[in-house]
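What follows is a single structure, written as structure tokens, with notes after it.
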């Protein structure tokens, strides 16, 4: 995992292209999932943990015939420490079940888990655009 202090224009364009592609296919990135990985500082372990978590989510969604579409970025913040932002497609009818499973998936990948270790929300501010 490489680190930088900013996202380049090319990286931002790739993120937007990915979001647009998912939308065209009928899978708009309608949820913002944020997961804290503080305490899992080894880069290889972090990527393995993210991959394992996304595999759990993919398997759950595929059981309901929903394909997994997401874009993500790692962030090391001053307040939250190391955490992951994921814009993802989760249909409204599956959201309660996904929320129930997230704690188990986080425990299974070895992430330190407590109630404040993750949140999922509707990213309405992303749909409104930037003023």
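Numbering (the numbering used here), first residue to last: 149 to 279. C-beta: ideal position from N, C-alpha, C; glycine also. Everything numeric in this text was worked out from a predicted model, so none of it was measured.
Residue j and residue i - do their beta-carbons sit closer together than 7 Å?
i           : j           : result
residue 233 : residue 221 : yes
residue 204 : residue 253 : yes
residue 181 : residue 268 : yes
residue 177 : residue 235 : yes
With distance defined between alpha-carbon atoms, name the residue in the options nearest to residue i.
i           : options               : result
residue 241 : 198, 255, 179 and 266 : 179
residue 194 : 162, 230, 171 and 212 : 230
residue 168 : 208, 201 and 219      : 219
residue 206 : 171, 217 and 251      : 217
residue 153 : 170, 224, 251 and 164 : 224
Could you tell me how far apart the beta carbons of residue i and residue j are, in whole angstroms, since I believe they sit closer than 8 Å?
i           : j           : result
residue 208 : residue 249 : 6 Å
residue 200 : residue 185 : Rounded, the Cβ-Cβ distance is 12 Å, inconsistent with contact.
residue 214 : residue 266 : 20 Å between Cβ atoms; not a contact.
Buried or exposed: residue i, going by 16 or more other Cβ atoms within 10 Å of its Cβ?
i           : result
residue 210 : exposed
Those runs of the alpha helix (DSSP H) which lie wholly inside the stretch 225-263 and span at least 4 residues: 243-256
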